[in-house]
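Asker:
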Amino acid sequence: MVAILGYSREQITSAVQDMYTQVANAPQSRFHFPVGYRALSALGYPENQIEQLPGDIAASFAGVGYPFNGGAIRTGDTTLDLGAGAGNDSFLALSLTGPTGRVISLDLTSAMTRKLKQRANEEGASIEVIQGTAEHLPFASNSLDSITSNGALNLVPDKRRAIREMFRTLKPGGRLQLADVVIDKPVTVDCDSDPRLWVECVVGATVEESLLAMLEDAGFEDIRIIRRINYFDHSPSHQTREIAKSFGARSIEIAARRGSQPPGFLRQWLRRSHPKRWLTALGKRGFLSIAALGLALLTCYGILAATFLLATLGVQVTLDLQLWSGSIAVFTALTVLAVATGKRRHHQLAPTWAAVAGAGLVFFTLFVTYLFIIELVGFIMLIGAVFWDLILRRKDEARRLGLTR
Ligand SMILES: C[S@@+](CC[C@H](N)C(=O)[O-])C[C@H]1O[C@@H](n2cnc3c(N)ncnc32)[C@H](O)[C@@H]1O
């Protein structure tokens with residue numbers, strides 16, 4: 001995890017490099033995530049593999065899982081360890097590819113690549129070490145048989161691009177094994193300019209479904225989640241454990257195979273605009289209430305305006321009043337429900353009561369006596385309730401992240 005002061009690429013890169021320079025040069029320091037032998041054992045690296053690792057390399061291990069559960073690496077493979085860090089997985093990959101294979105380690109942080117290069121030379125291990133970024137892989141297309149990556153993707157600003165790069169450089173049918181941090185609920189508050197926020201692994205991590213969707217969008221097939229790990233339970237920091245819990249942060253191990261070609265534009269577009277993806281994304285960000293209220297307003301005033309407009313153009317449309325009022329009522333009720341779910345996060349009932357009162361006025365005008373002004377007041381109350389709930393959700397999130405003093 002990294003002290004992140006903002007979201008610009010430069011700020012993220014420099015915060016990541018500072019943190020992992022320390023992991024490389026002073027692994028005995030106190031970190032907010034498990035490091036070294038403790039982490040290797042906690043994540044399930046077999047003892048006989050841990051024993052193979054050079055001591056100073058093992059001490060700087062900062063992975064989040066055991067990606068070898070994905071079984072991607074074969075004898076004779078050209079394998080890339082992406083975000084290799086001190087190179088523990090590179091050494092293990094070398095024992096799998098054998099003398100006929102080739103292992104390349106790439107990492108952003110120069111202290112890590114220096115450490116690995118020096119140790120690989122001393123050990124006579126033929127690991128090629130490159131400093132670079134996952135967003136621009138310096139390899140030809142279709143040149144790798146397998147990629148292993150452990151804990152790096154959550155630190156990359158443009159994950160979609162990094163995944164496309166993995167696809168481009170793998171040969172068709174090439175294999176990917178990945179361990180990374182994912183979250184249940186995205187961080188939506190503005191985290192800029194707070195130096196106390198030591199949660200980059202959470203802030204930078206992707207929602208599990210989005211990570212799988214990105215792999216699928218890039219053209220990966222047979223995507224399998226092999227293991228979910230309560231990685232943050234091993235964090236020495238109480239605050240990090242609490243933050244991770246409230247965002248459902250954990251690590252996962254994934255295996256996938258590169259398909260023969262990336263999906264065409266139309267297929268990608270259809271996948272990305274699938275209503276289930278949108279609903280999930282809106283729900284995870286707490287925006288379902290805005291969506292439901294938007295639909296209620298559109299059904300009420302939008303249809304009315306369209307009917308009026310068509311009439312002025314000489315096209316007569318007859319509204320089915322029952323269907324119309326019914327639809328408005330359904331979307332209004334959904335708005336109240338969506339607002340009510342906010343109580344689980346901020347524990348306040350007031351926005352729900354405001355929404356119920358607003359919905360009551362709208363229902364009155366729909367099913368008892370129509371009065372424009374009452375309907376309008378009802379919708380204004382609903383709008384207020386929706387934003388009140390959203391503000392309370394954001395405040396709660398900021399409090400959980402330790403952003404409020
Ligand atoms: C959590 S550490 C894991 C290191 C290593 N895989 C291990 O298991 O010990 C993440 C590593 O990813 C590297 N990294 C972060 N952003 C990167 C990027 N954009 N491209 C390549 N490597 C990156 C960091 O320098 C760091 O060494």
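Residue numbers (my numbering): 1 to 405. Positions of the beta carbon are idealized from the N, C-alpha and C atoms, including for glycine. Everything numeric in this text was worked out from a predicted model, so none of it was measured.
#1: Go through the residues and name those whose CB comes closer than 5 angstroms to any heavy atom of ligand 1, in chain order.
#2: Specify the secondary structure class of D81 as computed by DSSP and reduced to three states.
#3: Rounded to whole angstroms, what is the Cα-Cα separation between V356 and G342?
#4: May I ask which residues mark the beginning and end of the alpha helix (DSSP H) holding N88?
#5: Exposed or buried, which one is D145 when buried takes at least 16 other CB atoms within 10 Å?
#6: Just reading off the alpha helix (DSSP H) that E168 is part of, what are its end residues?
#7: Can you confirm whether the region 219-234 touches the region 244-263 when touching is taken to mean that 3 or more C-beta pairs between the two stretches lie within less than 8 angstroms?
#8: Would you tell me roughly how many angstroms separate the C-alpha atoms of A306 and A338, rounded to the nearest one?
#9: Assuming M381 and G402 are in contact, meaning their beta carbons sit under 8 angstroms apart, how far apart are those beta carbons, in whole angstroms?
#10: Assign S126 to one of two classes, buried (16 or more other C-beta atoms within 10 Å of its C-beta) or exposed (fewer than that).
#11: With burial defined as no fewer than 16 other Cβ atoms inside 10 Å of the residue's Cβ, what is the status of V23: buried or exposed?
#12: Considering D217, what are the terminal residues of the alpha helix (DSSP H) in which it resides?
#13: Go ahead and pull the three-state DSSP assignment for D389.
#14: On a CA-only basis, which of L321, R30, F167, L94 is nearest A140? Give me that one, please.
#15: Counting along the chain, where does the alpha helix (DSSP H) carrying N25 start and finish?
#16: Could you pull the DSSP bridge partners for Q177 from this structure?
#17: Apart from the five residues just before and just after F68, which ones in its own chain have a Cβ nearer than 7 angstroms to its Cβ?
#18: With a threshold of 7 angstroms on Cβ separation, who are the neighbours of P186 within its own chain once the five nearest residues in sequence on each side are excluded?
#19: Quick check on the burial criterion: 16 or more other C-beta atoms within 10 angstroms. Buried or exposed for F31?
#20: Decide yes or no for the touch test of the region 92-110 against the region 64-84: beta carbon pairs closer than 8 angstroms, at least 3 of them.
#21: Relative to the C-alpha of P138, which residue among D184, G204, L80, A111 is closest?
#22: Please classify Q131: does DSSP put it in a helix, a strand, or coil?
#23: Could you compute how far the alpha carbon of W198 sits from the alpha carbon of K115?
#24: Note the first and the last residue of the continuous alpha helix (DSSP H) segment covering V271.
#25: With a 10 Å radius around its C-beta and 16 neighbouring C-beta atoms as the bar for buried, classify I391 as buried or exposed.
Answerer: Taking the structure as given:
#1: Working through the chain, the matches are V16, Y20, F61, A62, G63, G83, G85, D107, L108, T109, M112, T133, A134, N150, G151, A152, L155, V156.
#2: Taken through DSSP and simplified to helix, strand or coil, D81 comes out as strand.
#3: Those two C-alpha atoms are separated by around 14 angstroms.
#4: Its alpha helix (DSSP H) spans residues 88-97.
#5: Buried: at least 16 other Cβ atoms inside 10 Å.
#6: For clarity, residue 168 is Arg in the given sequence; the question names Glu instead. Run containing R168: 159-169, per the alpha helix (DSSP H) assignment.
#7: Yes, the region 244-263 touches the region 219-234.
#8: In a straight line, the C-alpha of A306 is about 28 angstroms away from that of A338.
#9: So it is not a contact: roughly 34 angstroms between Cβ atoms.
#10: Exposed, by the Cβ-count rule.
#11: Classification of V23: buried, given that the 10 Å Cβ count is 16 or more.
#12: Here the alpha helix (DSSP H) through D217 covers 208-218.
#13: The three-state secondary structure of D389, taken from DSSP, is helix.
#14: The candidate whose alpha carbon is nearest that of A140 is F167.
#15: First-last of the alpha helix (DSSP H) with N25: 9-25.
#16: In the DSSP output, where bridge partners are listed per residue, Q177 has T148, A255.
#17: So the qualifying residues of the chain are L92, Q177.
#18: Closer than 7 angstroms at Cβ, skipping near neighbours: V207, K284, R285.
#19: A residue is called buried when at least 16 other Cβ atoms come within 10 angstroms of its Cβ; F31 meets this threshold and is buried.
#20: With the rule of 3 Cβ pairs closer than 8 angstroms, the region 92-110 counts as touching the region 64-84.
#21: P138 has its Cα closest to that of L80, out of D184, G204, L80, A111.
#22: Judged by DSSP in its simplified three-state form, Q131 adopts strand.
#23: A caution first: W198 carries a pLDDT of 41, below 50, which makes its placement in the model too unreliable to give a value.
#24: In the sequence as presented, Val is not what sits at residue 271; that position holds Arg. Element bounds for R271: 265-272.
#25: Flag for I391 reads exposed.
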